[in-house]
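Visitor: First to last, the protein sequences are chains G and L. Quick note, the working numbering runs 411 ahead of the 1-based positions in the first sequence. Quick note, the working numbering runs 931 ahead of the 1-based positions in the second sequence. For each residue, glycine too, the CB sits at the ideal point set by N, CA and C. No experiment lies behind these values; they were computed from the predicted model shown.
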Amino acid sequence: MNAKRVVGAPLLALLLWGCKTPKQPALGEPLFDLTSDQQAQFLAGKKVFQRVFEPKDGLGPLFNGNSCAECHETPVLGGVGDEVEVHATRFSAPNDCDPLFHEGGPVIQQDATPLLRALGIEKEQIPPSATGQAHRSTPPVFGFGLVDAIPERTLLSHEDPHDANGDGIYGRANRTIDGRVGRFGRKAAVATLLEFNAGAFPQEMGVTTPLSPVEETINGKPVPPETDPAPDPEITMEDVENVTSFTRFLAPPPQQLLTNSADKYLAARGKKLFASLKCAVCHVPVMKTGPSAIKSIHCKQVALYSDLLLHAMGAELADICLAQAHPSEFRTEMLMGLRFREKFLHDGSAKTVQEAIERHDGEARRSRDKFKVLSERDKKALLKFLETI
Amino acid sequence: MKFITLLTTIVVAGWLALPAQAAESDQLKSDLVGQCMGGREKCWKFQSVDQIKELVIKNKTEDARKRVYTVALQLQASNANAKYAAEARVEYTKTGGAWKIKQVGLLSMKKIE
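1. Would G/Met648 pass as an interface residue toward chain L - the criterion being a Cβ-Cβ separation below 8 Å?
2. Output, in chain order, the set of chain G residues within a Cβ distance shorter than 8 Å of L/Glu985.
3. Using a cut-off of 7 Å between C-beta atoms, extract the partners of G/His513 located in chain L.
4. Please identify the residue among G/Gln521, G/Thr565, G/Leu527 whose C-alpha is closest to the C-alpha of G/Pro702.
5. Looking at the C-beta of G/Ile588, does it have a partner C-beta in chain L at a distance below 8 Å?
6. Would you please verify whether the beta carbon of G/Val601 is less than 8 Å from any beta carbon of chain L?
7. Return no unless some Cβ of chain L is closer than 8 Å to the Cβ of G/Pro621.
8. Please report the straight-line C-alpha distance between G/Thr743 and G/Asp718, rounded to a whole angstrom.
9. Residues of chain L with a CB under 8 Å from the CB of G/Phe607: which are they?
10. Kindly say whether L/Ala1003, judged by its beta-carbon, lies nearer than 8 Å to any beta-carbon of chain G.
11. Since L/Ala1013 and L/Lys1042 should fall inside the 8 Å C-beta cutoff, what is the C-beta to C-beta distance between them, to a whole number of angstroms?
12. Which runs of the beta strand (DSSP E) spanning at least 3 residues fall entirely within the stretch 554-595 of chain G, listed in chain order?
13. For L/Ala995, name the three-state secondary structure that DSSP assigns.
14. Given G/Phe555, which residues of its chain have a CB within under 8 Å of its CB, disregarding the five upstream and five downstream residues?
15. Between which two residues does the beta strand (DSSP E) containing L/Ile1032 stretch?
16. Who are G/Tyr676's beta bridge partners in DSSP?
17. Indicate whether at least one CB of chain L lies closer than 8 Å to the CB of G/Arg597.
18. Identify, in the order they occur along the chain, each residue of the same chain with its Cβ nearer than 8 Å to the Cβ of G/Ala424, setting aside the five sequence neighbours on each side.
19. Is the Cβ of G/Gln536 closer than 8 Å to any Cβ of chain L?
20. With G/Ser656 as the anchor, note down where its alpha helix (DSSP H) starts and where it stops.
21. Counting only runs that start and end within the stretch 949-991 of chain L, where is the beta strand (DSSP E) found for 3 or more residues in a row?
22. Please list, in chain order, the residues of the stretch 714-733 of chain G that have any C-beta partner in chain L closer than 8 Å.
23. Between the beta-carbon of G/Ile519 and the beta-carbon of G/Glu533, is there less than 8 Å?
24. Taking buried to mean at least 16 other C-beta atoms within 10 Å of its own C-beta, is L/Val1002 buried or exposed?
25. Give the straight-line distance between the Cα atoms of G/Gly429 and G/Pro441, rounded to the nearest whole angstrom.
26. Between G/Ile629, G/Phe751, G/Lys754, which has its C-alpha nearest G/Pro538's C-alpha?
27. Measure how close the beta-carbons of G/Ala686 and G/Val697 come, nearest whole angstrom, since I'm counting them as under 8 Å.
28. Taking the DSSP output, what are the residues bridged to G/Ile629?
29. Hey, could you find the ends of the alpha helix (DSSP H) G/Lys781 is sitting in?
30. Which residue or residues does DSSP assign as beta-bridge partners of G/Ser548?
31. Would you kindly work out how many angstroms separate the C-alpha atoms of G/Phe796 and G/Val491, rounded to a whole number?
32. Of all the options L/Ser1039, L/Asn1010, L/Gln1034, L/Gln1007, which has the alpha carbon lying nearest to the alpha carbon of L/Leu959?
33. DSSP state of G/Val459, grouped into three classes?
34. I think G/Gly469 touches G/Glu649, with their Cβ atoms under 8 Å apart; what is that distance to the nearest whole Å?
35. Which residue wins for smallest C-alpha separation from G/Ser707, given the options G/Thr500, G/Pro633, G/Pro663, G/Lys675?
36. Would you say G/Arg583 reaches chain L, if we count a Cβ-Cβ gap shorter than 8 Å as a contact?
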C-alpha cells in the first residue's frame, strides 16, 4: 500500500503537470527564452516602432502614417489600426503583372506633408495605366518572427497547383519579383520579415533607408527638393534591424482559455467543424519553424492558421495583381489573434467573422456553402472556436 | 602626324581600358550576390550572377575608406518572365586593406518586359 502511494504520488503530479496549460506570453509581450541581448534589441526596436516622424526627421513628403504604431496600435502595440491603404497595379492576362514602380505603385500614398501640400499636392493619384486598385487594412504583426522562420519546403509541401487530390482547393506559392517564395503581405509578395519592415519605412512613412536611399516618387515624378528637408538616408540600418527584432520577437497572440464548460464544449465542436468543412486545408492550424540560432524561434510550433499560399477567391473579391498573384488570388489570411480584430477580409470590408466567411468564394466556395447550411448552433460553435485562436 | 599619334594613343588606351572595366563589372556582379536592396514588393535579393543580365557602371567615387558606385542593372529571375531595369548605389568600405561591399541601395526600378 505504502509502495503504491510512493509510486502513485509522483505519477499523479506528473500527469497534472502534463495537463497544465503551457504558459504563454501576454499580448504584445516578447517570446520566452530571449537572451538579454535579444531583449535589448526587442526594446530598442519597440522605440523605433513608436517613433513619430516629422518632416524634419524624414516623414514624407508623401506618406500613409507618421509611425509604425499609428497603424499597428490596437489593442496593443503590434496590433491592427483603422487605416485603410490604397494599392494599384497593372494586370495583362494571362500572367503579366506590372507593379507600376515607375508610376508610384503599388502603394499609393494618401497623405502629404505641409511643404508638399503648399504646392497643391495632397496625395498620390491612381496611375492612369493601372488596371486595378485595392484597399488594404492593417495586419497585426504578432508572431511574425515565427512565421518568418517556417522553412520554405514546409510551405511548398502544401502546394497543390493542379488539384491532384480533387478537393477543388489548389494553392500555390507566390514568388517575389526576384523569384523567391513569398509569404508576407495579403498577396504573399514579400519573402522575409526584414524586407517587409525595410519597405514599410519608404512606402508607408516616406522615410528613406540605406536599402532605399531615395524618396518614393510622386506618381513617377521626383519629389521637389524643397519639400524634403531631411538628408538621406533618413534612418539607419540599425533602426531597420531593431524594428525587425521587435517584430521578430513579438510573441503570437495567446490562445484564449475558456473557463465555462458550455463554451469549452461549443469551441471543441467548432474545432471539429473547422476541419470537417475543410477550412483547415487552407487555414492550416499549425506549422513548425526550422532550426535557428535563436532559441525562442528554434523548431517551435506556430498556430498561424494559414498555409501562406495563394488561392483564387472569386471575382467579387478580386482587385490587384502582385508579383505572380492574379487579381483574384489572395494568400490565406493568418487567423491567429482573430479575436483582436474589429474588421475582416484583406480590405477590412467585412464587419463580422461570419460575413467574411460568407463572402469566401472561388476555391473556398464548397466550404462556404457547407457553412451556410449549418444549423445555427453549429455556426455558433464554429465562431466560438474562432474566438479562441 | 601628331594628330595620328594622338588618335592612336586614345584608341589604344580605350582598348586597354575595356577589359579593366569589364573586370570591374564582373567583380561588382559577383560581390552583389547575397545582397538585398529595396523593400517589400520593390525588393531584389541577388541570388546569382545569372540574374544580372546587364550591369553598367554610371559613376564611381572613392576616397581612402569608401568607394561608391552608381550602376544601371537589368535583372531577371530564372523562374520568371518579367525583366526589370534598376539603378542602384553600391557602397564598399576598406577593411583590413581589402574592399568589402557594405550595402546596396535601390535608387529606382521599372518593369521593362
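Guide: Taking the definition as stated:
1. yes
2. Simply none; closest approach about 16 Å.
3. In chain order: Lys1041.
4. G/Thr565
5. yes
6. yes
7. yes
8. 6 Å
9. Gly970, Arg971
10. no
11. 6 Å
12. As far as the stretch 554-595 of chain G is concerned, it has no whole beta strand (DSSP E) run of at least 3 residues.
13. coil
14. Phe595, Leu604, Phe607, Thr658, Arg659, Leu661
15. 1029-1042
16. BP columns for G/Tyr676 are empty, so no partner.
17. no
18. With a pLDDT of 49 at G/Ala424, under the threshold of 50, the modelled position of this residue cannot be trusted, and the question is left open.
19. no
20. 648-660
21. 967-970, 973-976
22. Leu733
23. no
24. buried
25. Residue confidence for G/Gly429 is low, a pLDDT of 46 falling below 50, so the modelled location carries little weight and cannot support an answer.
26. G/Ile629
27. The pair is not a contact, with the Cβ atoms about 12 Å apart (cut-off 8 Å).
28. G/Lys632
29. 776-783
30. G/Val495
31. 21 Å
32. L/Gln1034
33. helix
34. So it is not a contact: roughly 15 Å between Cβ atoms.
35. G/Pro663
36. Not one chain L Cβ lies under 8 Å of G/Arg583.
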